[in-house]
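Numbering (this note's numbering), first residue to last: 116 to 261.
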Amino acid sequence: MKSQANALPQLIARLALGIGFLLPVADRLGFMGAPGSGVNWGDWKHFTGYAHVIMSFLPENISNFAALIATVAEVIFGVCLILGFRIKANAFGSAVLTLLFAFSMVISEGILAPFKYPVFVFAGAALLLTCTEDPKWSIDSILKGR
């Protein structure tokens, strides 16, 4: 019974995190609108400019590379969490990525910066998913023969 009670919250957390990773990627790739049209970035150039602000303690070429790596990770984590594939590993990676983002924001913009966005909520939800047992409605459950 316990795993049944956790099935829906686990699914909602997975979907929210997964979509929460994929929508910003769509924004920075220009799929959500052009720069200045109500989106955060609208293209890669504006996104890397923001990434350089957040990672102001790094040289620009390294922050650009980190932005690319973070984007690839967000796509992987987003898709895997939505599908429920290797939930614990992808949730842990998601938590690490969002905490790195939060710490970068604190270093570059101050302690209040990560609280303007749900950065710690993402990290907390991801960490809770690392405790998931008996996942429902997922590739993991299919692979376990449930």
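Note that the Cβ used here is the ideal one computed from N, Cα and C, for glycine as well.
Near residue 167, which residues of its chain fall below 6 Å by C-beta distance, leaving aside the five closest residues on each side in sequence? As a first step, residue 167 must be located in the sequence shown, where it is residue number 52. Contacts found: 175 and 178.
Using a Cβ-Cβ cut-off of 6 Å (strictly less than) and excluding sequence neighbours within five positions of residue 192, which residues of its own chain qualify? Within the sequence shown, the letter at position 77 stands for residue 192. Close CB contacts of residue 192 within its chain, under the 6 Å cut and outside five residues either way in sequence, are with 136, 205, 208 and 209 (chain order).
What does a CB cutoff of less than 7 Å around residue 148 pick up in its chain, not counting 5 residues either side in sequence? What you label residue 148 is simply residue 33 of the sequence shown in a count that begins at 1. If we look at residue 148 and ignore the five residues flanking it on each side, its Cβ neighbours are 154 and 157.
Between the Cα of residue 169 and those of 182, 120 and 134, spot the shortest distance and give me the residue it belongs to. Taking the first residue of the sequence shown as position 1, residue 169 is located at position 54. Taking only the C-alpha atoms, the option nearest residue 169 is 182.
State buried or exposed for residue 124, treating a residue as buried only when at least 16 other CB atoms are found within 10 Å of its CB. On the sequence shown, residue 124 is found 9 positions in, with the first residue counted as 1. Residue 124 should be labelled exposed.
Of all the options 246, 218 and 223, which has the alpha carbon lying nearest to the alpha carbon of residue 235? Taking the sequence shown and counting its residues from 1, one reaches residue 235 at position 120. Cα-wise, what sits closest to residue 235 is 218.
Which residue comes first and which comes last in the alpha helix (DSSP H) that contains residue 155? In the sequence shown, residue 155 corresponds to position 40, counting from 1. Counting along the chain, residue 155 falls outside any alpha helix (DSSP H), and DSSP gives it neither H nor E.
When you compare each of 144, 237 and 160 to residue 214 by their alpha carbons, which one comes out closest? Here the question's residue 214 lines up with position 99 in the sequence shown. Residue 237 is the option with its Cα nearest to residue 214.
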